[in-house]
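Participant: Before I ask anything, here is the structure I am working with.
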């Protein structure tokens, strides 16, 4: 289905020319039955509801500006800690928490919307054969927390959007970028959708999660969602970059396929589509 | 509570300086159990989900630009008509439907977010004693459809945001403005919150709804929500304006109270507050 138009849904944000710069604009829904793990506080719910949108803005390499929050509230007592968590997340990353809409709902449902600005937003499309594939952040830690490694709960409960790192990557001349909140393999598949080339990664280059056996760690990284890392491509000659937690994990290839250790990958994980396949 | 800040929640949109103009930014949640009347089609659900945000942008006198839609979908077959209705509403009012976020939800929940631009956005604050109070649109027709007058179903099912009228009012020099989607009395109360003056209306000046007895029509107009009219104040000397469906219904007074036919009004209707009263 092409109601929205393919171009409009290929990036983490919509892009709009704004004088001599660009405005980026994103929205994300989170709700109780699918997005808030057991043990997450209302303050963390508020934080996360904003962090998901800030991560989309970060993935364009943009400066976040205003955030709005639409809240469908199941219990009035939850409002204050949710707002405080949302505000703290905005403050931490230099965004303004500018209000929103308040409603009652049987299931706690939060939708944040955000705008940001960039001179040169980085899109998902733009990868070039010969580029290297890089990530920022150690993938799989949020999923590890879900699967029995409580030491990594902070990555699940207060995910940190890579706003500063996104800006630095954009300034450095990366050719394509997105966030990896849906897991590394799904994100590589999304990159494939947006480009005419392919992606080959080498699992031995993916940083291991401390205290977790290598094969488990590798599996968590490939399919685990909830981390707000960045996935990007860039010409090898711009490396190294002085960005913490940056790892080169592969290269862009001509064949339009995702390969893991030389073999075509089976994409698992969270699937999300605007179309119905028709 | 002041987590968000009083200024941020007094207008239909957040306002952000953007070069030599202003960006306005709004979000609205609608969901099945409270916002979609019996008989509303999915196409109309999509239309309305966008119209609520376009009405907020219209109330600032701004030009709508991009709309995003976060969809929590209870049934995949509803996606296509919802997207088509949303797109049609965007197209009708000159906005771009720029994508959004798709999720599964037990209860169909839609949150639209929109940005617009204006050289001189009109805020709720700004009313001056001596101004007249005007409305655009015949209020109460959506409520009439809910209460047994099916002839007015189009006002409930495909509400029309007053985008062109809002722009014209802003250009004409109105001093304050908001939309009346929550009913005339609630909207006057919201104006009161944002200003240091009061509002006195004369019910005989409110246009009657054709085919409905005068006292019923008056009651529908005062408390009925769902109409996307505009409420504004302006100096009397700028009238008349060549805007259809414009009616002068009262005047701005010094005493900070809402009066109806000379008596302080009891505010009924939809209540919505970001604070918890503390």
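Protein chains in written order, with the working numbering: chain A, 309 to 586; chain B, 309 to 586. Idealized CB from N, CA, C, for every residue including glycine.
Nearest-angstrom Cα distance between residue 572(A) and residue 374(B)?
Facilitator: 38 angstroms
Participant: Output the boundary residues of the alpha helix (DSSP H) element that contains residue 499(B).
Facilitator: Residue 499(B) -> alpha helix (DSSP H) spans 492-502.
Participant: From the DSSP secondary-structure annotation, give me the bridge partner or partners of residue 429(B).
Facilitator: DSSP output for residue 429(B) lists no bridge partner at all.
Participant: Starting from the C-beta of residue 413(B), find all residues in its chain whose C-beta is less than 7 angstroms away, skip the five residues before and the five after it, and write them out in chain order.
Facilitator: 380, 381 and 382
Participant: Please compile the residues from chain A whose C-beta is within a distance smaller than 8 angstroms of the C-beta of residue 336(B).
Facilitator: 378 and 409
Participant: Measure the C-alpha to C-alpha separation of residue 431(B) and residue 329(B) and round it to an integer number of angstroms.
Facilitator: Straight-line Cα distance between these residues: approximately 15 angstroms.
Participant: Can you name the residues that DSSP bridges to residue 486(A)?
Facilitator: 539(A)
Participant: Quick one, are the C-beta atoms of residue 440(A) and residue 473(A) less than 8 angstroms apart?
Facilitator: no
Participant: Report the rounded CA-to-CA distance for residue 411(A) versus residue 390(B), giving the unit in angstroms.
Facilitator: 21 angstroms
Participant: Which residues in chain B have a C-beta closer than 8 angstroms to the C-beta of residue 415(A)? List them in chain order.
Facilitator: Per Cβ cutoff of 8 angstroms: 413, 414 and 415.
Participant: How should residue 490(B) be labelled, buried or exposed, when 16 other C-beta atoms within 10 angstroms of its C-beta is the threshold for buried?
Facilitator: buried
Participant: Pull out every residue of the stretch 425-452 of chain B whose Cβ sits closer than 8 angstroms to any Cβ of chain A, in chain order.
Facilitator: none
Participant: Can you name, in chain order, every residue of its own chain whose Cβ lies under 6 angstroms from the Cβ of residue 339(A), other than the five neighbours on each side?
Facilitator: Cβ neighbours of residue 339(A) beyond the five flanking positions: 415 and 417.
Participant: Do residue 470(B) and residue 366(B) have their C-beta atoms within less than 8 angstroms of each other?
Facilitator: yes
Participant: Would you say residue 584(A) reaches chain B, if we count a Cβ-Cβ gap shorter than 8 angstroms as a contact?
Facilitator: Bear in mind that the predicted position of residue 584(A) carries a pLDDT of just 38, short of 50, making it unreliable; the figure below should be weighed with that in mind. In terms of beta-carbon proximity, residue 584(A) lines the interface with chain B, with at least one pair separated by less than 8 angstroms.
Participant: Let me know the beta strand (DSSP E) ranges lying completely inside the stretch 312-382 of chain B, each 3 residues or longer, listed in chain order.
Facilitator: Within the stretch 312-382 of chain B, the complete beta strand (DSSP E) runs of at least 3 residues are 322-326, 329-339 and 371-381.
Participant: If you check the beta carbons only, do residue 342(A) and residue 408(B) fall under 8 angstroms apart?
Facilitator: no
Participant: Quick one: is residue 271(A) buried, meaning 16 or more other Cβ sit within 10 Å of its Cβ, or exposed?
Facilitator: No statement about residue 271(A) is possible, as the shown extent of chain A runs from 309 to 586 and does not include it.
Participant: Would you say residue 509(B) and residue 568(B) are within 8 angstroms of each other, going by their C-beta atoms?
Facilitator: yes
Participant: Rounded to whole angstroms, what's the CA-CA distance from residue 497(A) to residue 429(A)? Just pull it up for me.
Facilitator: Near 21 angstroms, if we compare the C-alpha coordinates of residue 429(A) and residue 497(A).
Participant: Could you check the C-alpha separation between residue 347(A) and residue 451(A) for me, to the nearest Å?
Facilitator: 15 angstroms
Participant: Among 387(B), 421(B) and 396(B), which residue has its Cα nearest to the Cα of residue 321(B)?
Facilitator: 421(B)
Participant: Bridge partners of residue 442(B), per DSSP?
Facilitator: 540(B) and 556(B)
Participant: Under three-state DSSP, which class holds residue 530(A)?
Facilitator: helix
Participant: Hey, residue 378(B) and residue 419(A) are a contact pair by Cβ (cut 8 angstroms); roughly how many whole angstroms apart?
Facilitator: 5 angstroms
Participant: Between which two residues does the alpha helix (DSSP H) harbouring residue 406(A) extend?
Facilitator: Per DSSP, residue 406(A) belongs to no alpha helix (DSSP H); it is in the beta strand (DSSP E), 404-412.
Participant: Alpha carbons only, please: which of 502(B), 370(B) and 544(B) is nearest the one belonging to residue 478(B)?
Facilitator: 370(B)
Participant: I want to verify the contact list: residues of chain A whose CB lies under 7 angstroms from the CB of residue 326(B), in sequence order.
Facilitator: 326
Participant: Which one or two residues does DSSP pair with residue 507(A) in a beta bridge?
Facilitator: 560(A) and 566(A)
Participant: What number of angstroms, rounded off, separates the C-alpha of residue 447(B) from the C-alpha of residue 553(A)?
Facilitator: 58 angstroms
Participant: Considering only the alpha carbon of each residue, which of 434(A), 360(A) and 425(A) lies closest to residue 464(A)?
Facilitator: 360(A)
Participant: Can you give the Cα-Cα distance for residue 574(A) and residue 396(A), rounded to whole angstroms?
Facilitator: Computed Cα separation, rounded: 39 angstroms.
Participant: Would you say residue 587(A) faces chain B, with C-beta separation under 8 angstroms as the test?
Facilitator: Outside the displayed range of chain A (309 to 586) lies residue 587(A), so it cannot be described from this structure.
Participant: Please determine, among 550(A), 494(A), 531(A) and 512(A), the residue with the shortest C-alpha to C-alpha distance to residue 557(A).
Facilitator: 512(A)
Participant: Considering only residues of the same chain and omitting the five flanking positions on each side of residue 468(B), which have a CB-CB separation below 8 angstroms?
Facilitator: Cβ-Cβ distances below 8 angstroms link residue 468(B) to 359 and 536 in the same chain, with the five nearest sequence neighbours on each side left out; the list follows chain order.
Participant: Span of the alpha helix (DSSP H) holding residue 474(B)?
Facilitator: 471-480
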